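Here is the structure we will look at.
Protein chains in written order, with the numbering used here: chain P, 152 to 313; chain H, 469 to 574.
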């Protein structure tokens, strides 16, 4: 049920944005189509079923997007600085990061966020361990890398996905 | 109207500067992993800035540009992750300062 609801809301918002108008006929057709499509396809997917719907998770969702945006901007200036400097200041290596998140979708979002943050690139996920390529390795200790790379996102994702 | 025009142009310029830096990073970095790093990050913000600059110049395009930004933010990390995973599985060697020094000594 929750699956169906989120899926149809998502389809409907993409439809409205693509049409770029809130004409009555367009809204009716879009709502009809998104409900039918989500009914057809919501049986064997559980992508959205691990999301908690509550005011708190809604608030944390926007906080998360805000934090991610700041991290993306920081990442860009960081990479730009490394590229411009004559002696490319990098010390790359592959480190392991452990995650507390259970839901596969939450892990996917965490991996994507790690890729977008300064100097880190997710290479592989095996169960709870993420292999991360780090452009400037500061420590190879598991706890320290987890705290440095993943903790700032896990805080928010833990609330959104139980 | 005028202010929107100027700020849109400035945003477009900033975005293209980031895209140029990303391309420069792909050329300058020593090994494939670091090239992906430069290629992913600089292009993400570069494309977002170019899209928002276009949105300021043509406000009627904003909704579609918003969808484009959404899909770029979702798909860009995934493509670089797949490339990195393949290289990891093929055991492409990592670049390190030690390697470079030993090559110079030879």
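In this text, a Cβ means the ideal position worked out from N, Cα and C, and glycines have one as well. All figures in this text were calculated on a predicted structure; none of them were measured in a lab.
Exercise for review: Could you tell me whether any Cβ in chain H is nearer than 8 Å to the Cβ of residue 270 of chain P?
Suggested key: yes
Review point. Chain P partners of residue 506 of chain H, CB-CB under 7 Å?
Key: 230 and 234
Exercise for review: Would you verify that the beta carbon of residue 497 of chain H is, or is not, closer than 8 Å to some beta carbon of chain P?
Suggested key: yes
Exercise for review: Kindly list the residues whose CB is nearer than 7 Å to the CB of residue 499 of chain H, restricted to its own chain and excluding five residues on each side of it in sequence; keep chain order.
Suggested key: 562 and 563
Exercise for review: Examine chain H for any beta-carbon lying closer than 8 Å to the beta-carbon of residue 280 of chain P, and answer yes or no.
Suggested key: no
Review point. What is the residue span of the alpha helix (DSSP H) that residue 508 of chain H lies within?
Key: 500-525
Review point. Just curious, the beta strand (DSSP E) that residue 102 of chain P is in, first and last residue?
Key: Lying outside 152 to 313, the shown extent of chain P, residue 102 of chain P is not represented and no answer is given.
Check your understanding: So what does DSSP say about residue 251 of chain P, is it helix, strand or coil?
Key -> coil
Review point. Where residue 477 of chain H and residue 527 of chain H are concerned, what is the direct C-alpha to C-alpha distance, given to the nearest angstrom?
Key: 13 Å
Point to revise | Nearest neighbour of residue 303 of chain P, chosen from P:216, P:209 and P:186 [CA to CA] | key: P:216
Point to revise | Cross-strand partners of residue 272 of chain P (DSSP beta bridge) | key: P:284
Review point. Would DSSP call residue 186 of chain P helix, strand or coil?
Key: helix
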